[in-house]
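Protein chains in written order, with this note's numbering: chain B, 41 to 251; chain G, -7 to 170. In this text, a Cβ means the ideal position worked out from N, Cα and C, and glycines have one as well. Keep in mind the model is a prediction, meaning the values are calculated, not measured. Structure, as structure tokens:
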Amino acid sequence: MSPEVRSHRAPRTPAGQCLVDAGTRLGVGALVIAALAVGSVVKSYTPDTDTRERPFTRSGAVGDQVDARVFDAVVVGVRGAPKVTRQGKTYDTGGVWVLVTVRLVAHVAPTTVNHAMVVDTDGRLYKATQRFSQPLGGGHMLQPDIPAQGEMVFEVPVGAAPGLAIQLSSGRLGVRMDALAEISLGIDRATVEGWRAATAPAVVENAGVGS
Amino acid sequence: MTGGWFRRNRWGLIALVPVLVLALGLQLEDVYEVYWKRQPREAVSPGPDGWVTYGDARIKLIALGPASDLEKYSGEPFTPPPGVAAWKAIIAIEATAKGIGACRLSLEDDAGRTYEASPSELSGSRTSLASCLPDGDPPPTSYRKDLYFATPASARPVAVRITLTLQLPRYARLTAAS
């Protein structure tokens, strides 16, 4: 004969066991919070996406040959003017025109320069002007070991011109994690004032095969 | 954490191994698709008769040599810029009714460098834009194409490459029949 059932409740847990269970739960909670805190600290001290995927910058000055991974770039000369003439038409500006003569040579395969900008000392970027066709624009294809030489034309505020550097890269979808040639143009304030004082427009030269 | 924790979670831990392998495997597939398959890496060479079967077509290199017939639009002879050599390739294409489609044409030299067809160094000469597509209406299925390239004067061309995007990473590497 089975013993009489007095209650359907589970037997009461001893008070000591309750304390152990609560301590375990508290410990797990504390571990989770600690893990989240450590994760947050790690995240705040690790680089963000823009920094992590920044380009590999190769620097140089006018006359230096700078390797941009799939092509070499040399800044051959820099000039400026308050007006430029391209294909018979003259273009004015409220800033100043900066004309950079570059020589570009592809290494082993045809390539195009898809990133051509100048950067000022505050990090502001200016694209090559689209007000007229650029001599080396329109997806100009560089063939291996055939130097292409021509001017790239930028329109920048007068105050941005001193200290400008040109950036060149083949990166099709931006310059993230790609090589970037950054060449200082050696422009100072006096040079810019001299350019602004010029009366004749600078005639933009066509691109050709360099030496 | 005790031996009891491992015992309780042993099936989850065992399942973690194939899940990690699968996750890494999917990444490798992505690497293959993005970084390997989209580049021309596997050359399809011609048979003994010189013909290459590639895509929906058979292609053959008929001739490859210096371009001596270049002329300006005025009819005067065209001279390439100093230090540049111009080359002409003639290829024969036998396509199915479906056609071969748009392709990329390049020249390969003995140093492994490649050069794009219809280069800007030859602009000013009377040459048509390089293409694999036939001229004429209705388009013929058997035709020839003249291709022009520019290289440094010292380069020695060895092959013409034809690349169809849908055939990547395979490309046709046309060389003269031996």
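* Answer yes if the segment 35 to 54 of chain G comes into contact with the segment 157 to 164 of chain G, meaning at least three C-beta pairs across the two stretches below 8 angstroms, and no otherwise. => Using a C-beta cut-off of 8 angstroms, the segment 157 to 164 of chain G makes contact with the segment 35 to 54 of chain G, since at least three inter-stretch Cβ pairs fall below that distance.
* Asked: Name the chain B residues that come within less than 8 angstroms of Glu108/G, Cβ to Cβ?
  -> Pro150, Met181, Gln183, listed in chain order.
* To do: Taking only beta-carbon positions, decide if Ser224/B is within less than 7 angstroms of chain G.
  => So no, Ser224/B is outside the interface.
* Asked: Checking contacts by CB at 7 angstroms: is Ala171/G closer than that to chain B?
  -> With chain G covering -7 to 170 only, the question about residue 171/G has no answer from this structure.
* **Beta-carbon proximity of Arg96/G to Thr155/G, cut-off 7 angstroms** => It is a contact, given that the beta carbons lie within the stated cut-off.
* Listed by chain order, chain G residues near Gly248/B by CB distance under 8 angstroms -> Near Gly248/B (Cβ distances below 8 angstroms), the residues of chain G are Pro73.
* How about Arg(-1)/G: is its C-beta nearer than 7 angstroms to some C-beta of chain B? -> Using a Cβ-Cβ cut-off of 7 angstroms, Arg(-1)/G does not count as an interface residue toward chain B, since no Cβ of chain B sits closer than that to its own.
* Could you give the distance in angstroms between the alpha-carbon of Val244/B and the alpha-carbon of Leu139/B? -> Between the alpha carbons of Val244/B and Leu139/B lies a gap of roughly 8 angstroms.
* Considering only residues of the same chain and omitting the five flanking positions on each side of Phe172/B, which have a CB-CB separation below 6 angstroms? -> Within the same chain, Phe172/B has close Cβ partners Arg126.
* Gln278/B, buried or exposed, once every other Cβ within 10 Å from all chains shown has been counted against 16 -> No answer is possible for residue 278/B: the residues shown for chain B start at 41 and end at 251.
* To do: Let me know the secondary structure DSSP gives Glu233/B once reduced to three states.
  => Secondary structure at Glu233/B: helix, using DSSP grouped into helix, strand and coil.
* Chain-order list of residues whose beta-carbon lies under 6 angstroms from that of Ala55/G (same chain, five-residue window excluded) -> In its chain, beyond the 5 residues on either side, Ile82 have a beta carbon closer than 6 angstroms to the beta carbon of Ala55/G.
* Taking Cβ-Cβ distances below 8 angstroms as the criterion, which residues of the segment 206 to 235 of chain B are in contact with chain G? -> The segment 206 to 235 of chain B vs chain G, Cβ under 8 angstroms: nothing.
* Asked: Hey, Val148/B and Pro184/B are a contact pair by Cβ (cut 8 angstroms); roughly how many whole angstroms apart?
  -> With a Cβ gap of about 5 angstroms, Val148/B and Pro184/B count as contacting.
* To do: State the Cα-Cα distance for the pair Gln207/B and Asp107/B, rounded to the nearest angstrom.
  => Within the model, the alpha-carbon separation for Gln207/B versus Asp107/B is close to 12 angstroms.
* To do: List the DSSP bridge partners of Met192/B.
  => According to DSSP, Met192/B bridges with Val140/B.
* Asked: Are the C-beta atoms of Ile186/B and some chain G residue less than 7 angstroms apart?
  -> Contacts with chain G at 7 angstroms (Cβ-Cβ) include Ile186/B.
* Asked: Which of helix, strand or coil does DSSP assign to Asp132/B?
  -> If DSSP states are grouped into helix, strand and coil, Asp132/B belongs with the strands.
* To do: Would you mind telling me which residues of chain B sit closer than 7 angstroms to Gly104/G, beta carbon to beta carbon, in chain order?
  => Near Gly104/G (Cβ distances below 7 angstroms), the residues of chain B are Val148.
* To do: Select from Leu53/G, Pro131/G, Arg118/G the residue whose C-alpha is nearest the C-alpha of Ser66/G.
  => The shortest C-alpha separation from Ser66/G is found at Arg118/G.
* To do: Quick one: which unbroken beta strand (DSSP E) runs of 3-plus residues sit fully inside the segment 152 to 204 of chain B? Chain order, please.
  => Uninterrupted beta strand (DSSP E) stretches at least 3 residues long and entirely within the segment 152 to 204 of chain B occur at 155 to 159, 165 to 167, 188 to 196, given in chain order.
* Verify the CB distance criterion: does Val76/G have a CB-CB separation below 7 angstroms to chain B? => At least one CB of chain B lies nearer than 7 angstroms to the CB of Val76/G.
* Is the segment 231 to 245 of chain B close to the segment 203 to 219 of chain B, with three or more CB pairs under 8 angstroms? -> Too few Cβ pairs lie closer than 8 angstroms, so no.
* Would you say Pro132/G faces chain B, with C-beta separation under 7 angstroms as the test? -> It does not; no Cβ of chain B falls within 7 angstroms.
* Asked: Could you check where the alpha helix (DSSP H) with Ser84/B kicks off and where it finishes?
  -> In the DSSP annotation of this structure, the continuous segment of the alpha helix (DSSP H) that includes Ser84/B starts and ends at 55 to 85.
* Cα-Cα separation between Glu63/G and Ala145/G, rounded to whole angstroms -> Per the coordinates, the alpha-carbon of Glu63/G lies some 19 angstroms from the alpha-carbon of Ala145/G.
* Asked: Between which two residues does the alpha helix (DSSP H) containing Trp28/G stretch?
  -> For Trp28/G, no alpha helix (DSSP H) encloses it, and the DSSP letter there is neither H nor E.
* Hey, could you find the ends of the alpha helix (DSSP H) Asp90/B is sitting in? => Unbroken alpha helix (DSSP H) run through Asp90/B: 89 to 92.
* **Proximity test, Cβ basis, 7 angstroms: Ser170/G and chain B** => Bear in mind that the predicted position of Ser170/G carries a pLDDT of just 49, short of 50, making it unreliable; the figure below should be weighed with that in mind. Look at Ser170/G: its C-beta is not under 7 angstroms from any C-beta on chain B.
* Does Pro40/G have its Cβ less than 7 angstroms from a Cβ in chain B? -> By this cut-off, Pro40/G is not an interface position.
* Ordered along the chain, which non-local residues of its own chain (more than five positions away) have a Cβ less than 7 angstroms from that of Ala156/B? -> Once the five neighbours on either side are set aside, the close Cβ partners of Ala156/B are Ala168, Met192, Leu208.
* Can you name, in chain order, every residue of its own chain whose Cβ lies under 8 angstroms from the Cβ of Pro58/G, other than the five neighbours on each side? -> By the criterion of a C-beta distance shorter than 8 angstroms, Pro58/G is surrounded in its chain by Ala77, Ala78, Trp79, Lys80, once the five residues flanking it on both sides are discounted.
* Count the other CB atoms within 10 Å of the CB of Tyr85/B; is the residue buried (16 or more) or exposed (fewer)? -> If you draw a 10 Å sphere on the C-beta of Tyr85/B, you find fewer than 16 other C-beta atoms in it, and that means exposed.
* To do: Compare the Cα-Cα distances from Glu108/G to each of Leu139/G, Arg2/G, Leu125/G and report the closest residue.
  => When each option's Cα is compared against that of Glu108/G, the closest is Leu139/G.
* Asked: Using a C-beta to C-beta distance shorter than 8 angstroms, which residues of chain B count as neighbours of Glu113/G?
  -> Scanning chain B for C-beta atoms nearer than 8 angstroms to the C-beta of Glu113/G yields Gln183, Ile186, Val249, reported in chain order.
* Please classify Gln57/B: is it buried, with 16 or more other beta-carbons within 10 angstroms of its beta-carbon, or exposed? => With a 10 Å radius around the Cβ and a threshold of 16 neighbouring Cβ atoms, Gln57/B comes out exposed.
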